[in-house]
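Heads up, the thing below is written out as C-alpha cells.
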Amino acid sequence: MRLYYRGREALVTSELFVRRTPSPREFAIRGLRNVRIAVPGRVVEVLFRPQLSTREWALWADYHGRSITLYTSPDERVFNQVARALRRALEECEPWDRQAA
0 MRLYYRGREA LVTSELFVRR TPSPREFAIR GLRNVRIAVP GRVVEVLFRP
50 QLSTREWALW ADYHGRSITL YTSPDERVFN QVARALRRAL EECEPWDRQA
100 A
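Throughout the sequence shown, residue numbering follows numbering that gives the first Met the number 0, covering 0 to 100 in sequence.
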C-alpha cells in the first residue's frame, strides 16, 4: 500500500481515502467514480459583505451509486495537496488497458 498524503484532515493511500473531519469516514479508492472539484460560490455575500465571505473547496464523487462529498477544506493549499494525492491514487488503480485508450 502506497501513502500519497497524510494530514490532520485526510489520509490518501493507494487503497483508501480517509476523511478525518468533520465526520470520519473511509472510502475505497476502487469504488470512487466521477471525482470532481467544486467551489461553491457565495456571490451575494461577497458582493455585500466581502469580509465575511469564505470559500470552501470540495471534492465530490460517486460512491456505490450515490453522489457524496468526499472532502472539504477552506485552505486552498491543503485542498490541492489532498486532491493531487487522490488523483495519483486513482491513476494507480486504473487498469493499464484503460490508460492506453
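Beta carbons are placed, not taken as given, at the ideal position from N, Cα and C, and that holds for glycine.
This one's a predicted model, so the numbers in the text were calculated from it and none came from an experiment.
#1: Return the CA-CA distance between Glu90 and Glu55, expressed in angstroms with no decimal places.
#2: Thinking C-beta only, is Ala57 closer than 7 Å to Ala37?
#3: Counting only runs of 4+ residues fully inside the stretch 73 to 97, write out the alpha helix (DSSP H) ranges in chain order.
#4: Beta-carbon separation of Tyr62 and Ala9 under 7 Å?
#5: Does the beta-carbon of Leu2 have 16 or more other beta-carbons within 10 angstroms, so that it is buried, or is it exposed?
#6: Nearest-angstrom Cα distance between Glu14 and Gly64?
#7: Evaluate Ser72 with the Cβ neighbour count: other Cβ atoms within 10 Å of its Cβ, from every protein chain shown; 16 or more gives buried, anything less gives exposed.
#8: Among the candidates Val11, Thr68, Arg86 and Ala82, whose CA atom is the shortest distance from the CA of Pro21?
According to the structure data:
#1: Here the question's residue 90 lines up with position 91 in the sequence shown. Here the question's residue 55 lines up with position 56 in the sequence shown. Looking at the two C-alpha atoms, the distance is approximately 25 Å.
#2: To locate residue 37, count along the sequence shown from 1; it is residue 38. To locate residue 57, count along the sequence shown from 1; it is residue 58. Contact: yes.
#3: Within the stretch 73 to 97, the complete alpha helix (DSSP H) runs of at least 4 residues are 75 to 92.
#4: Counting from one through the sequence shown, the residue named residue 62 turns up at place 63. Counting from one through the sequence shown, the residue named residue 9 turns up at place 10. Going by C-beta atoms, Tyr62 is not nearer than 7 Å to Ala9.
#5: Residue mapping note: residue 2 aligns to position 3 of the sequence shown, counting from 1. With fewer than 16 other Cβ atoms within 10 Å, it is exposed.
#6: Taking the first residue of the sequence shown as position 1, residue 14 is located at position 15. Taking the first residue of the sequence shown as position 1, residue 64 is located at position 65. When rounded, the distance between both Cα atoms is 19 Å.
#7: Within the sequence shown, numbered from 1, the residue matching residue 72 stands at position 73. The residue is buried, with at least 16 neighbouring Cβ atoms inside 10 Å.
#8: Here the question's residue 21 lines up with position 22 in the sequence shown. Measuring from the Cα of Pro21, the nearest candidate turns out to be Thr68.
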